[in-house]
Amino acid sequence: MMGEHIMSELKLPSRSADFSEWYNELVIRAELADYAPVRGCMIVRPYGWAIWENIQQSLDRSFKATGHVNAAFPMLIPRSFIDREKSHVEGFSPELAVVTHGGGEELEEPLVVRPTSETIIGHAYSKWIQSYRDLPLLINQWNSVVRWELRTKLFLRTLEFFWQEGHTAHATLEEAETETRQMLDIYRDFAVNEAAIPVIPGRKTASERFAGADQTYSIEAMMGDGKALQSATSHNLGQNFAKAFEIRFLDQNGVLQYCWTTSWGLSTRFIGAIIMVHGDDQGLILPPRLAPHQVVIVPIYKSDEERIKVLEAARRIRSELVASGLRVVLDEREGTSPGFKFNDWEMRGVPLRIEIGPKDVAKENVVLARRDTPGKGGKSFVPQAGISEAVSGALEAVQKALYDRALNFRNANTADPKDFEDFRAAVEKGFAYSFWCGSPECERRIKEETKATTRCIPFDGPDGVGECIYCRKPASEKAYFAKAY
RNA sequence: CGGGGCGUGGCGCAGCUUGGUAGCGCGUACGGUUCGGGACCGUAAGGUCGGAGGUUCGAAUCCUCUCGCCCCGACCA
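In terms of the working numbering, the first sequence opens at residue 104 and continues consecutively.
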């Protein structure tokens, strides 16, 4: 038996007692990421990157299915490009990383490390687009960008982060709007069906809008501490960048027109969402569809004789599961006890564990343990015959249970406050869904007084009218308010 | 940028008040016993104490300056 002080070192800080510390330590201990030598930068470790690769695969498939293609634009952008779109400059100037020297010489014009690529892509689009026949232009790129943030946290906010940014150009406002909404819906579908994270799709208020956009849409998710995380965004850029970069086309009638452009992105921040929505005191819990390993097999044995038998069976089961398309790891490490392995893989969030020992070999069954249900309650005996069906079924059950749990949690922590005092209490716990008169002034005051910001105005808002939660004037729409990451 | 905390083997810390040349736990390597919920014993490797200057016979410890990181706030995917 281990002493208590040693046990406490093995345990994560409690999620409920110190959510922030729980998160920080989990990211390190699950080997998702590590701190880099430069403040605010992050090393994404292989296990964390494997999650990102699964995210990429899923999204990339959806992008391609809707006619988008991938390309790569440069990381270095002439400083003057940023200055061309007025609100874009205002939004991004404070957080630009600027390159002033190259090859030992001071540059004539400083270069910025892209904080996002609207400008350099706008520049390219102005050359490529001449006619309505060139439209729509639908390009995405997977890359990293740099924003000089003051306060950073692994995955959630780092100086450099990885993402995809889609940039499209269209002949009409309607088409651009359809595209913007279509991409948001792809994110929504991804969050719900792949990541098992319930999200609220909606429109951002002017103050929360992307610098240079006419309209920003987002999906908003509730984290395990009740705070909101903007999990993906999609922007209708109107003609702002088209005008700044002369992106024009000749229409069917021979009239020269500015294009309508959009951009949309989802970043490695989403990994932070997965951690904060599903994780528990034991560590990470990954949704089966995105888990690098969906199943871990832990063999249990004492003697050499047992070892040979158990491993033989374990390998056979692995082969069968792999053959049915599952991502499986067999933990054959020597000198490590089964109990240690259980905890180790639980920290890493593997959704399903198969335990197989001499007794199971004799009875031709295994123990199946669900990561989302701790202790004995999540364990069951399953025959080795037909194991892949049982495992697939269990993975689907975990996927669904994670979503249901997250949704229940969000519902339980979302309030429709009667008055502003109620509202204050609500945003300490989670989301407040309230009528809002639409004035930036009320929005600003609410933020000052409660730290809660408007997250979004959901698309499926109420039909009726009500009173603004702050000023009590008539209001026609409801917004979600919350403290946000 | 304001407030707080911390820099000592890979990790977590003690030692500092009252200077005497560095210690504990974990981890690592090797050997053995173990193995159905974080095993144990033995042996070993590993640190010029964040950096620079100063005081002193002597500095992890005292003084000055610096650098970095983490947490909380103001800005942000």
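Heads up, the beta-carbon is just placed ideally off N, CA and C, and yes, glycines get one too.
By a C-beta neighbour count over all protein chains shown, 10 Å radius and 16 as the cutoff for buried, is residue i buried or exposed?
{"i": "Ala582", "result": "buried"}
{"i": "His108", "result": "Any answer about His108 is weak, because its pLDDT of 41 lies below 50 and its placement is not dependable; what the coordinates show is given next. Classification for His108: exposed."}
{"i": "Thr203", "result": "exposed"}
{"i": "Phe593", "result": "Because the chain is modelled from 104 through 588, residue 593 falls outside the range shown and cannot be assessed."}
{"i": "Trp155", "result": "buried"}
{"i": "Phe484", "result": "exposed"}
{"i": "Pro577", "result": "exposed"}
{"i": "Ile300", "result": "buried"}
{"i": "Arg436", "result": "exposed"}
{"i": "Trp231", "result": "exposed"}
{"i": "Leu240", "result": "buried"}
{"i": "Glu268", "result": "buried"}
{"i": "Ala120", "result": "exposed"}
{"i": "Gly170", "result": "exposed"}
{"i": "Ser321", "result": "buried"}
{"i": "Gly382", "result": "buried"}
{"i": "Lys590", "result": "Since the displayed the chain opens at 104 and closes at 588, residue 590 lies outside it and no answer follows."}
{"i": "Leu113", "result": "exposed"}
{"i": "Asn356", "result": "exposed"}
{"i": "Met110", "result": "With a pLDDT of 49 at Met110, under the threshold of 50, the predicted position of this residue should be treated as unreliable, and no value is reported."}
{"i": "Asp507", "result": "exposed"}
With distances taken from CA atoms, which of the options is nearest residue i?
{"i": "Met325", "options": "Tyr573, Phe562, Phe534 and Pro561", "result": "Phe534"}
{"i": "Glu492", "options": "Ala345, Glu124, Ile232 and Ala426", "result": "Ala426"}
{"i": "Pro197", "options": "Pro149, Val216 and Asn173", "result": "Val216"}
{"i": "Ser406", "options": "Ile400, Pro391, Arg419 and Gly438", "result": "Gly438"}
{"i": "Lys554", "options": "Phe526, Cys574, Phe562 and Gly567", "result": "Phe526"}
{"i": "Ala298", "options": "Cys362, Val380 and Glu252", "result": "Val380"}
{"i": "Leu193", "options": "Ala335, Phe313 and Val568", "result": "In the sequence on display, residue 193 carries Glu and not Leu. Of the candidates Ala335, Phe313 and Val568, the one whose C-alpha sits nearest the C-alpha of Glu193 is Phe313."}
{"i": "Trp152", "options": "Leu498, Phe373, Val295 and Glu551", "result": "Phe373"}
{"i": "Lys586", "options": "Ala529, Cys545 and Asn173", "result": "Ala529"}
{"i": "Val494", "options": "Lys444, Gly428, Tyr404 and Tyr506", "result": "Gly428"}
{"i": "Tyr235", "options": "Glu282, Ser190 and Val358", "result": "Val358"}
{"i": "Pro543", "options": "Ala174, Val249 and Thr308", "result": "Thr308"}
{"i": "Lys254", "options": "Ala345, Leu393, Asp121 and Cys144", "result": "One detail in the question is off: residue 254 reads as Arg in this sequence, not Lys. Per the Cα distances, Cys144."}
{"i": "Gly489", "options": "Val469, Val432 and Leu287", "result": "Val469"}
Would you mind giving the Cβ-Cβ distance between residue i and residue j, rounded to the nearest angstrom? I have them listed as a contact below 8 Å.
{"i": "Glu323", "j": "Ile303", "result": "5 Å"}
{"i": "Met450", "j": "Arg132", "result": "6 Å"}
{"i": "Ala274", "j": "Leu238", "result": "5 Å"}
{"i": "Gly315", "j": "Glu188", "result": "5 Å"}
{"i": "Gly452", "j": "Ala504", "result": "The Cβ separation is near 14 Å, so there is no contact."}
{"i": "Leu471", "j": "Lys482", "result": "7 Å"}
{"i": "Cys362", "j": "Ala272", "result": "4 Å"}
- 4 or more residues per run - each alpha helix (DSSP H) lying fully within the segment 136 to 178: Within the segment 136 to 178, the runs of alpha helix (DSSP H) that reach at least 4 residues and sit entirely inside it are, in chain order, 149 to 168.
- Query: Between the segment 222 to 233 and the segment 372 to 390, do three or more beta carbon pairs fall short of 8 Å?
  - Reply: Segments in contact, no.
- alpha helix (DSSP H) segments (min. 4 residues) lying fully within the segment 401 to 485: For the segment 401 to 485, whole alpha helix (DSSP H) runs of length 4 or above, ordered along the chain, are 407 to 426, 441 to 450 and 461 to 466.
- If we count Cβ pairs, one from each stretch, closer than 8 Å, do we get three or more for the segment 150 to 163 versus the segment 176 to 190? Under the 8 Å Cβ criterion, the segment 150 to 163 does not count as touching the segment 176 to 190, having fewer than three qualifying pairs.
- Query: Do the segment 537 to 555 and the segment 569 to 584 meet, that is, are 3 or more Cβ pairs less than 8 Å apart?
  - Reply: The answer is yes - the segment 569 to 584 touches the segment 537 to 555, with three or more Cβ pairs under 8 Å.
- Message: Is it the case that the segment 326 to 340 contacts the segment 204 to 214, given that we only count it when at least three CB pairs across the two stretches are under 8 Å?
- Response: Between the segment 204 to 214 and the segment 326 to 340, the count of C-beta pairs closer than 8 Å stays below three; the two stretches do not touch.
- Item | Unbroken stretches of the beta strand (DSSP E), 3 residues or longer, contained in the segment 258 to 314 | Unbroken beta strand (DSSP E) stretches of 3 residues or longer found wholly inside the segment 258 to 314: 263 to 273 and 303 to 306, given in chain order.
- Item | 4 or more residues per run - each alpha helix (DSSP H) lying fully within the segment 363 to 392 | List check, alpha helix (DSSP H) in window: 372 to 381.
- Message: Under 8 Å: do the segment 256 to 271 and the segment 359 to 373 share three or more Cβ pairs, one atom per stretch?
- Response: Segments in contact, yes.
- Validate contact between the segment 401 to 418 and the segment 453 to 469 using beta carbons, cut 8 Å, 3 pairs: The segment 401 to 418 vs the segment 453 to 469: in contact.
- Query: Can you list the alpha helix (DSSP H) stretches of 4 or more residues lying completely in the segment 505 to 575, in chain order?
  - Reply: Whole alpha helix (DSSP H) segments, 4+ residues: 523 to 532 and 543 to 553.
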